[in-house]
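Participant: The structure's right below; bear with me while I get my questions together.
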Amino acid sequence: MVMADGPRHLQRGPVRVGFYEIEGTLGKGNFAVVKLGRHRITRTEVAIKIIDKSQLDEVNLEKIYREVKIMKLLDHPHIIKLYQVMETKSMLYLVTEYAKNGEIFDYLANHGRLNESEARRKFWQILSAVDYCHGRQIVHRDLKAENLLLDNNMNIKIAGKMSGTYSCSLW
Numbered sequence: 000m001v002m003a004d005g006p007r008h009l010q011r012g013p014v015r016v017g018f019y020e021i022e023g024t025l026g027k028g029n030f031a032v033v034k035l036g037r038h039r040i041t042r043t044e045v046a047i048k049i050i051d052k053s054q055l056d057e058v059n060l061e062k063i064y065r066e067v068k069i070m071k072l073l074d075h076p077h078i079i080k081l082y083q084v085m086e087t088k089s090m091l092y093l094v095t096e097y098a099k100n101g102e103i104f105d106y107l108a109n110h111g112r113l114n115e116s117e118a119r120r121k122f123w124q125i126l127s128a129v130d131y132c133h134g135r136q137i138v139h140r141d142l143k144a145e146n147l148l149l150d151n152n153m154n155i156k157i158a159g160k161m162s163g164t165y166s167c168s169l170w
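According to numbering that gives the first Met the number 0, the sequence shown holds residues 0 to 170 in order.
Below is the structure:
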């Protein structure tokens with residue numbers, strides 16, 4: 000007879016990255032995967048972007064480090080926050096704010112267009128975040144519906160590639 004859960008010695012505990020337990024996959028790219036994580040103590044949900052550095056050449060790795068530096072500078076209610084960076088020889092882990100309601104692209108595909116007041120509200124949030132970045136000599140290099148995320152209150156959270164001209168040494 001086989002037990003549904005199997006023997007205790009064969010069961011694996013939750014996969015962990017730092018203080019976070021991995022709960023599932025949110026998305027995949029060429030050199031990275033984004034996982035849903037939960038802080039072991041606070042139980043806060045986060046998104047963890049896991050980048051395989053061994054798959055990147057020096058130029059692309061430097062671009063990622065530069066984007067991380069920029070993300071560390073940003074603190075705006077409509078831009079995804081970078082909480083923590085962890086690094087090993089071959090991997091880079093970016094722990095960010097989790098936008099529970101996903102991409103506005105998917106929301107619009109599933110629910111249709113927004114009414115005028117809701118569209119205006121979302122547009123204002125995007126403009127506010129873009130203005131904040133531009134005031135710091137930072138631009139978003141890939142602003143599109145797939146990089147406009149929605150938090151649990153349906154507020155815009157901009158994610159994606161940031162670029163800028165600045166002078167700092169945070170890394």
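For glycine and all other residues, C-beta sits at the position ideal for the given N, C-alpha and C. The structure displayed is predicted, hence computed values, not measured ones.
#1: Between the C-alpha atoms of Tyr131 and His75, what's the straight-line distance to the nearest angstrom?
#2: Is the Cβ of Lys34 closer than 8 Å to any Cβ of chain C?
#3: Helix or strand or just coil, what does DSSP make of Met153?
#4: Quick one: grab the DSSP three-state call for Lys99.
#5: Out of Lys48, Ser53 and Ile21, which has the shortest C-alpha to C-alpha gap to His38?
#6: For Val45 and Thr95, which I take to be in contact (beta-carbon distance under 8 Å), what is that distance rounded to the nearest angstrom?
#7: Would you tell me roughly how many angstroms separate the C-alpha atoms of Asn29 and Lys52, rounded to the nearest one?
Facilitator: Let me lay it out:
#1: 8 Å
#2: No chain C is part of this structure, which consists of one protein chain only.
#3: coil
#4: coil
#5: Ile21
#6: 6 Å
#7: 11 Å
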